[in-house]
Amino acid sequence: MPRRRPGALAVAGVLVAVTVLAFVLALTSAQSTAREDIEQRFRERAEVSAALTSSLFASTASTPNEENRRVIGASEIPQEGLDQIARTGRYPYAVVLSANGRVLAASSGTPAAVTRALDEKPPWVSGVIAGAPFGLSGVLASPTDGGQVLEYAVPYRIDGRLRILVSSFEPELISSFLGSYLESLPNSDSADAYVVDSAGVVVGTTDRTQPPAQPLRAPGALPAVRRAADGEYDGGGTERYLTSARVTGSEWQVVLTATTKDLYLSISGARTVVPWIVFSAFALAALLALVLLRGVLRSSGALADANADLEARNDDVERMNQALEARAAELARSNADLQEFASIASHDLQEPLRKVQFFGDQIVERHGEGLPDEVVDHLDRMRRAAGRMRALTDDLLTFSRVSTKGTPFVPVDLREVAEGVLYDLEPRIAAAGGTVRVGDLPTIDADPTQMRQLLQNLIANGLKFARPDVAPEVSVGATVAEDRCELVVQDNGIGFEPQYAERIFRIFERLHGRSEYPGTGIGLALCRKIAERHGGTIVATGVPSEGARFTVRLPVHQATAASTPEPEDRMMSHA
1018 MPRRRPGALA VAGVLVAVTV LAFVLALTSA QSTAREDIEQ RFRERAEVSA ALTSSLFAST
1078 ASTPNEENRR VIGASEIPQE GLDQIARTGR YPYAVVLSAN GRVLAASSGT PAAVTRALDE
1138 KPPWVSGVIA GAPFGLSGVL ASPTDGGQVL EYAVPYRIDG RLRILVSSFE PELISSFLGS
1198 YLESLPNSDS ADAYVVDSAG VVVGTTDRTQ PPAQPLRAPG ALPAVRRAAD GEYDGGGTER
1258 YLTSARVTGS EWQVVLTATT KDLYLSISGA RTVVPWIVFS AFALAALLAL VLLRGVLRSS
1318 GALADANADL EARNDDVERM NQALEARAAE LARSNADLQE FASIASHDLQ EPLRKVQFFG
1378 DQIVERHGEG LPDEVVDHLD RMRRAAGRMR ALTDDLLTFS RVSTKGTPFV PVDLREVAEG
1438 VLYDLEPRIA AAGGTVRVGD LPTIDADPTQ MRQLLQNLIA NGLKFARPDV APEVSVGATV
1498 AEDRCELVVQ DNGIGFEPQY AERIFRIFER LHGRSEYPGT GIGLALCRKI AERHGGTIVA
1558 TGVPSEGARF TVRLPVHQAT AASTPEPEDR MMSHA
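Residue numbers for the sequence shown follow the working numbering, so the first one is 1018 and each next one is one higher.
Right, here's the structure in full:
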């Protein structure tokens, strides 16, 4: 026994030393892993915020306003339309660029310095030209009032062409939103969140001492941001940790900072306990397994928290997608309700209008000779007004159904359609002493009824808007190139001023009084809607007292079929 005791003590000493060493190594490894895990979670908060900020602007850019598309997609962008876009969005200025970044048009009052700068293709414009869903500038000096602005570039793809709308807005408009949005990011009392541009100017922040649109003022933070690497830095005598993530499609980045004391609070206590564990290891050998188990459980809990946090962020993104899908479905339901309302309103208005006309006719027929001239005149006006109202409701119903109640696209011989239109218009042509010449017309995929409406409205317009004492002449021709049909209807009538080339396609728009030229003001608006339903365009040019020219560009072949109409639908044309 006495000889075995030193060996037993040595073995026990070795076992204790090995156990303590293993414990120290395990604790050191656990602390290092926990530290990396905390930094990773801190970094992921910035990355998720940057991704959500980018997706917010991307979703806005992916649902462009149709009125904006119409204005921006015009071959000659109307100044009035671009000014309306700027006024509606409350932009200091709005500029339209071509696919290669050349300035095509600018809203009224846009400084020349803005267009010169955009011609240089700044990064937020170059990115959109290269295919980015949007582009955001950093904080720029405003050339209009000496203040500051942000520029937002959005692509519009219209008929295979790329157009870019660059608008501007004041940083204050976005800073309050970003500030409240960033409130959920910091995970300690000492943490602050910022969105800064490439120059270190703050766009939004949770730091109430930091004014927006000013350089980042937090001590030591700006050099740490420019270092472009996560890590610790001197925050004015306090050790702090910084992480950042780039906002895709912009010059912005989300920056999070916190004191290292608060950031590593969950593991800092272990450093104090380690010496006591080492010195007490021999006496607390039985508790060693429990302490190790506790450390393992804590690490597992930290990992579970990290996974739960990531899942919560993923759930937020999923909820945003579901909200967008719900909004799209709600818009579809709203459009369907509007179509149903238009149909019901049109049908319900027809019956009382027919009765007004019928009883007016009866009064004039039976008692006309005994009625005062003033009464006869009032009755005549009443009947004419009822007739105009019936025509208007018919045209409104036709207009509302172009996109939803058309027949499927089939091969349509436009020459055959034009001959049918001439047959229908033969009495009107004869009464006007006019001539209609039809050239070679191709066969295209289209809705035959709507093609008949299109040609009848354009030819009838040429006959109606004739010059006094000049026999109307209308010509119809077409050319085909690269799977596109260009249909041209030209007349020798009264024409119109060039500034009205876009206005005449608006619904109810009239350039002349009803007494001069009858009609409801819907005919050309209906033509445009038919062209757009077929994936085409229609433009007009005119010269006063010389005539007008309408050019309709349509695909020769359609990729998809249109919706099938309800059996009771009937589509009528009023030029």
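The beta-carbon is built from N, C-alpha and C at its ideal position, and this holds for glycine as well.
Asked: Taking the CB atoms as reference points, tell me whether Val1183 and Glu1168 lie closer together than 7 Å.; Found: yes
Asked: Straight-line CA distance for Phe1567 to Ala1103?; Found: 29 Å
Asked: Cα separation between Gly1437 and Ile1476?; Found: 12 Å
Asked: Taking the C-alpha atoms as reference points, what is the distance between Gly1098 and Ala1448?; Found: 39 Å
Asked: Please state whether the Cβ-Cβ distance between Thr1260 and Asp1247 is less than 7 Å.; Found: yes
Asked: For Val1120, which residues in the same chain have their Cβ closer than 7 Å to its Cβ, ignoring the five residues on either side in sequence?; Found: Val1112, Leu1114, Thr1132, Leu1135 and Asp1136
Asked: Can you grab the Cα-Cα spacing for the pair Ser1207 / Thr1226, in whole Å?; Found: 13 Å
Asked: Measuring only the C-alpha atoms, how far is Gly1451 from Pro1489?; Found: 5 Å
Asked: Looking only at its own chain, which residues have a Cβ that is under 8 Å from the Cβ of Asp1500, when we skip the five neighbours before and after it?; Found: Pro1572, Val1573 and His1574
Asked: Buried or exposed: where does Arg1609 fall if 16 or more other Cβ atoms within 10 Å of its Cβ makes it buried?; Found: The displayed coordinates of the chain run from 1018 to 1592. Any statement about residue 1609 would go beyond what the structure contains.
Asked: Going by the DSSP bridge assignment, what does Val1272 pair with across the sheet?; Found: Tyr1211 and Ser1261
Asked: Give a single yes or no on whether Leu1543 has its beta carbon closer than 6 Å to a heavy atom of the ligand ZN.; Found: In terms of ligand content, the structure shown is empty, and the ligand ZN therefore cannot be addressed.
Asked: In whole angstroms, give me the CA-to-CA distance for Leu981 and Gly1163.; Found: This structure leaves residue 981 out entirely; the chain is present only between 1018 and 1592.
Asked: Within its chain, find whatever has a CB closer than 7 Å to the CB of Val1088; leave out the 5 residues flanking it on each side and keep chain order.; Found: Ile1094, Pro1095, Gly1098, Leu1099 and Ile1102
Asked: Going by C-alpha distance, which of Arg1257, Asp1441, Asp1332 and Gly1253 is nearest Leu1069?; Found: Asp1332
Asked: Taking the DSSP output, what are the residues bridged to Leu1179?; Found: Arg1174
Asked: So Gly1456 is in the alpha helix (DSSP H); what residue range does that whole segment cover?; Found: Segment: none, Gly1456 is in no alpha helix (DSSP H) and carries neither H nor E.
Asked: Shortest alpha-carbon distance to Pro1140 belongs to which of Ala1210, Arg1243, Glu1061 and Ser1267?; Found: Ser1267
Asked: Where does Gln1379 fall in DSSP's three states?; Found: helix
Asked: Taking all protein chains shown into account, do 16 or more other C-beta atoms lie within 10 angstroms of the C-beta of Thr1223, making it buried, or fewer, making it exposed?; Found: buried
Asked: Going by other Cβ atoms of all chains shown within 10 Å of its Cβ, with 16 needed for buried, is Ala1548 buried or exposed?; Found: buried
Asked: To the nearest angstrom, how far is the alpha carbon of Val1219 from that of Trp1269?; Found: 9 Å
Asked: Between the Cα of Gln1507 and the Cα atoms of Thr1460, Ile1539 and Gly1564, which residue gives the shortest distance?; Found: Gly1564
Asked: Run through DSSP, which three-state label would Gly1148 get?; Found: coil
Asked: On the three-state DSSP scale, how would you describe Gly1098?; Found: helix
Asked: Looking only at DSSP bridge pairs, what is Arg1501 linked to?; Found: Ala1498 and Pro1572
Asked: May I have the straight-line CA-CA distance separating Val1334 from Pro1109, to the nearest angstrom?; Found: 32 Å
Asked: Mind checking Asp1214: buried by the 16 CB within 10 Å criterion, or exposed?; Found: buried
Asked: Going by alpha carbons, who is nearest to Pro1515 out of Val1166, Val1560, Gly1456 and Val1493?; Found: Val1560
Asked: Using CA atoms only, rank isn't needed, just tell me which of Ala1483, Ala1147, Pro1459 and Ile1191 is closest to Thr1496.; Found: Pro1459
Asked: So, is Asp1457 buried or exposed, given that buried needs 16 or more other C-beta atoms within 10 angstroms?; Found: exposed
Asked: According to the neighbour-count rule (16 or more other Cβ atoms, all chains shown, within 10 Å of its Cβ), is His1395 buried or exposed?; Found: exposed
Asked: Beta carbon of Val1491, beta carbon of Val1455: below 7 Å?; Found: no
Asked: Counting C-beta neighbours from all protein chains within 10 Å, is the total for Leu1327 16 or more, i.e. buried, or is it exposed?; Found: exposed
Asked: Expressed to the nearest angstrom, what Euclidean distance is found between the alpha-carbon atoms of Thr1554 and Ser1092?; Found: 10 Å
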